[in-house]
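Chemist:
Residue numbers (my numbering): 14 to 177.
#1: Going along the chain, which residues of its own chain have a beta-carbon closer than 6 Å to the beta-carbon of residue 150, five neighbours each way excluded?
#2: Output the boundary residues of the beta strand (DSSP E) element that contains residue 104.
#3: Anyone know if the C-beta pair for residue 51 and residue 38 falls short of 8 Å?
#4: Since residue 15 contacts residue 83 with CB under 8 Å, what's their CB separation in whole angstroms?
#5: Starting from residue 156, trace the alpha helix (DSSP H) in both directions and tell me its first and last residue.
#6: Applying the 10 Å Cβ sphere with the 16-neighbour rule, what's the burial state of residue 114?
#7: Rank 117, 103, 97, 45 by C-alpha distance to the C-alpha of residue 148 and give the top, closest one.
#8: In chain order, what residues of the same chain have a beta carbon less than 6 Å from the beta carbon of residue 132, not counting five sequence neighbours either side?
#9: What do you get for residue 138, buried or exposed, if any count of 16 or more other CB atoms within 10 angstroms of its CB means buried?
#10: Identify whether residue 62 lies in helix, strand or coil by the three-state DSSP scheme.
#11: Measuring straight from C-alpha to C-alpha, what distance separates residue 20 and residue 153?
#12: I'd like to know whether the C-beta atoms of residue 135 and residue 17 end up nearer to each other than 8 Å.
#13: Do residue 140 and residue 47 come within 8 Å of each other at the CB atom, strictly closer than that value?
#14: For residue 146 and residue 128, I'd like the C-alpha separation in whole angstroms.
#15: Ignoring anything shorter than 3 residues or poking outside the stretch 31-55, list the beta strand (DSSP E) runs there in chain order.
#16: In angstroms with no decimal places, state the Cα-to-Cα distance between residue 95 and residue 102.
Next comes the structure, spelled out in structure tokens:
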């Protein structure tokens, strides 16, 4: 996965700006109405996985799973996928499954070097498959029932205990 700084925000700041969410490459509205962070995937890779533009996909590795909206485009090479880092964290299962597109949750845990502290947010291995939202909704109904603003995304009150 390649994970760059977001074009439409600064880390997770501005992830809830409604004007940005109107831009095609900022968010992908899934069949469930949720606005997912876009995962760029080449058409050849999408066909192999049965993924169509706008499908909700699971990006995963041994560190967890992140859900995203498929943005099928020739603008990324076959064999690679791209998703901007810095999306708001919206956990389905904290530390395991994220719905908000926070790719940082599955990056390698080691520092970038012994001389500095930092994380490698780009260039790590993942697999991608079409997500089974109905199974996830049945298994984690409370996560899918949380308050979510139709234009601005997840509401903090639904994620943080005692949130307002």
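Even glycine gets a Cβ: it sits at the ideal position worked out from N, Cα and C.
Modeler: Straight from the coordinates:
#1: These residues qualify, in order along the chain: 157.
#2: It spans 104-106 - the beta strand (DSSP E) in which residue 104 sits, taken as one unbroken run.
#3: With a cutoff of 8 Å on beta-carbon distance, residue 51 and residue 38 are scored as near each other.
#4: About 16 Å separates the Cβ atoms of residue 15 and residue 83, ruling out a contact at the 8 Å cut-off.
#5: 154-157 is the span of the alpha helix (DSSP H), which, as asked, contains residue 156.
#6: The residue is buried, with at least 16 neighbouring Cβ atoms inside 10 Å.
#7: Selection 117, 103, 97, 45 evaluated against residue 148 yields 45 as nearest (Cα-Cα).
#8: Contacts found: 120.
#9: That one is exposed.
#10: Three-state DSSP puts residue 62 in coil, outside helix and strand.
#11: Those two C-alpha atoms are separated by around 32 Å.
#12: Yes, these two residues count as a Cβ contact at 8 Å.
#13: At the C-beta level, residue 47 and residue 140 stay beyond 8 Å of one another.
#14: C-alpha separation (whole angstroms): 42 Å.
#15: Segments of the beta strand (DSSP E) lying fully in the stretch 31-55: 51-54.
#16: When rounded, the distance between both Cα atoms is 18 Å.
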